[in-house]
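Enquirer: Residue numbers (our numbering): 88 to 181.
I have a structure I would like to understand better, so I am pasting it below and will then ask my questions one at a time.
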Amino acid sequence: MEQRPPELEQARQQLDIALVYAPDDPQLWTTLAELELAAGDPIAARRAVARALALGPTYAPARAIDDQLRDARLAGRQQRKATTRSEPRRPPKE
């Protein structure tokens, strides 16, 4: 597993503490999603933003990150489809 830069790790620790005291704060969960994106973990970012939206469905910053993640996921799917289509078909093995 890739190690996070010390600043991100320290921020994560502070967020973990804040979430103990305010687990229903969509802003904290959104900040965690941003941190996970910065750390290169879109799966963890999706989990955090999903929690933020469950707590505050109209919270604009969480919706923006959710849109960003959805757009990235769709772009990845389209890229995989394009790559698959461009690969030559192999004849069946006999």
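All residues carry an ideal CB built from backbone N, CA and C; glycine is no exception.
Computed from a predicted model, the values in this text were never measured in an experiment.
Within its chain, find whatever has a CB closer than 8 Å to the CB of W116; leave out the 5 residues flanking it on each side and keep chain order.
Expert: Cβ neighbours of W116 beyond the five flanking positions: L106, A135, V136, R138, A139, L142, A149.
Enquirer: For D103, report the span of its alpha helix (DSSP H) as first-last.
Expert: D103 -> alpha helix (DSSP H) spans 93-108.
Enquirer: Where do the ends of the alpha helix (DSSP H) carrying T117 lie?
Expert: Unbroken alpha helix (DSSP H) run through T117: 113-125.
Enquirer: The alpha helix (DSSP H) with P144 in it runs from where to where?
Expert: Counting along the chain, P144 falls outside any alpha helix (DSSP H), and DSSP gives it neither H nor E.
Enquirer: Our contact map puts L119 next to L102 with C-beta atoms below 8 Å; I'd like the distance itself, whole angstroms only.
Expert: About 5 Å separates the two Cβ atoms, so the contact holds.
Enquirer: Going by alpha carbons, who is nearest to I130 out of D111, Q155, P113, P144?
Expert: Closest option to I130, Cα to Cα, is Q155.
Enquirer: Rounded C-beta distance between L122 and A98? I'm assuming under 8 Å.
Expert: L122 to A98, Cβ: 6 Å. Contact.
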